[in-house]
Amino acid sequence: MRVRDSVVVVTGASSGIGRATALCFARKGAAVVLAARREEALEEAARECEKHDGAQTLVVPTDVTDPEAVDALAQRAVERFGRIDVWVNNAAVTAIGPFQEVPLEDIRRVMDVNVMGYVYGARAALPIMREQGHGVLVNVSSVVGVVSQPYNQAYTMSKFAIRGLTSSLRQELKIEGVRGVHVCSVLPATIDTPFFDEAANYSGRKVLAMPPVYPPERVARAIVNMVRMPRRETVVGPMGRQMVMESKMAPGTVENTMGIMFDRKHLSRKEPAPANTGNLYEPSPDSGSVPGGWHGRRRTNVRRTLTAVALVGLVAGVGRRMPLVGGGRGNRRARHVLPVAVGAWKVARVVKKRRSG
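Quick note on the working numbering: the sequence shown kicks off at 65 and runs consecutively.
Printed below as a string of structure tokens:
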């Protein structure tokens, strides 16, 4: 699909991936409809979009857990621009902590935003796309939708559910012979956004961005490319692709690896954090931003990716001595991963030395 002059609706557009995606589409000459709870942040994002020649914007403050508000968002877009070519379901929240300690209402809220928000978006966008005979619905899932995480149950469930929803909708369109309307999913790895600072947290430890951390613009470009050439699914970030691939060959090994990495790299061992609901029920008071201050710049990605690949391989090697959920077959495969990972770790050290020198 042609991106220039297309009409694009982006939820969660006030910060992070959503804001980067809106800017990327505006840069390509699309009209962008920005939706989120923070009107001030949306207005600021719209001004950034309008700096690009020919870019048009529409700001529609929206809580995606309200189906009537999401329907109104779609209608506002059609009233202003006459159609909806692309709808990006992106708004998301999370609640981190031991399963028994995260309040049930917080788990329900995460599912309402991350799953039902996407359901409402799809129900609003797809009838319009069917009628006009074309359109792309992009659902932003996550690598966590393939490889689960501990202490992040609601978010993990939601991202698995989004992939299921996306696949199911594709099947329906195919059975009904609908051509020209595509439903796709994007699976980012760890992205440098304010998401982690805004998480509801019951772990007692500060939430960190688990390395390697990639810039949000990388996801935005992947979404734009998905619109240009729609396909079922794409993973953003080399480390994410590696984990998804290895999860198919040695699921038990990767499951244990992710658990260890989450405990050691996603939750601080030095900084405590009080229990809080983050941005679950009220949006953050700031005006929003694209990056989250986790240094996910392009020039650091090579070193971080190689280091993380080494960590995965080393943990997999250690996993040979650990009882794994996936059974013995994963253990045998881990033996083949270790030499490659050690080599990657050595290369990472050389890259680091050269950059510092």
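Don't be surprised by glycine CBs; every beta carbon is placed ideally from N, CA and C.
query                                                                                                                           : result
Helix, strand or coil at A136 according to DSSP, with G and I counted as helix                                                  : helix
Where the beta strand (DSSP E) containing E297 begins and where it ends                                                         : 297-300
Buried/exposed call for L168, threshold 16 Cβ in 10 Å                                                                           : exposed
For S332, the three-state DSSP class (helix, strand or coil)                                                                    : strand
Which of helix, strand or coil DSSP assigns to K92                                                                              : coil
Per-residue burial, S193 [other beta carbons within 10 Å of its own, 16 or more giving buried]                                  : It is worth fixing the name first, because residue 193 is Met in this sequence and not Ser. With 16 or more Cβ atoms within 10 Å of its Cβ, M193 is classed as buried.
Nearest candidate by alpha-carbon position, reference W358, set M274, A100, K223, V150                                          : M274
Under the three-state DSSP convention, the category T121 falls into                                                             : strand
Beta carbon of V211 nearer than 8 Å to that of M313                                                                             : no
Bridge partners - N265, DSSP secondary structure assignment                                                                     : I160, N340
Outcome for Q164 when other beta-carbon atoms lying within 10 angstroms are tallied against a minimum of 16                     : exposed
Limits of the beta strand (DSSP E) - the one that V245 falls within                                                             : 245-252
Per-residue burial, D69 [other beta carbons within 10 Å of its own, 16 or more giving buried]                                   : exposed
Contacts around G118, its chain only, beta-carbon distance under 8 Å, and the 5 residues preceding and following it disregarded : G93
Cβ contact (3+ pairs, closer than 8 Å) linking the segment 249-263 and the segment 132-148                                      : no
Supposed contact pair M65 and V25 - C-beta distance, whole angstroms, cut 8 Å                                                   : For residue 25 there is no data in the structure shown, the boundaries of the chain being 65 and 421.
Option in V97, W151, D130 with minimal Cα separation from S78                                                                   : V97
Contacting residues, own chain, Cβ-Cβ under 6 Å from A84 (five flanking each side not counted)                                  : P280, E281, A284, V354
Beta-carbon proximity check, V179 vs I255, cutoff 8 Å                                                                           : no
Buried versus exposed call for G356 [16 or more other C-beta atoms within 10 Å across all chains shown]                         : buried
Close-in-space but distant-in-sequence residues of the same chain around A188 (CB under 6 Å, 5 per side omitted)                : V134, D135, A138
Simplified DSSP state of A218, which is helix, strand or coil                                                                   : helix
For P338 and P294, the rounded distance between their alpha carbons                                                             : 43 Å
Helix, strand or coil at N320 according to DSSP, with G and I counted as helix                                                  : helix
Extent of the continuous beta strand (DSSP E) to which L201 belongs                                                             : 199-204
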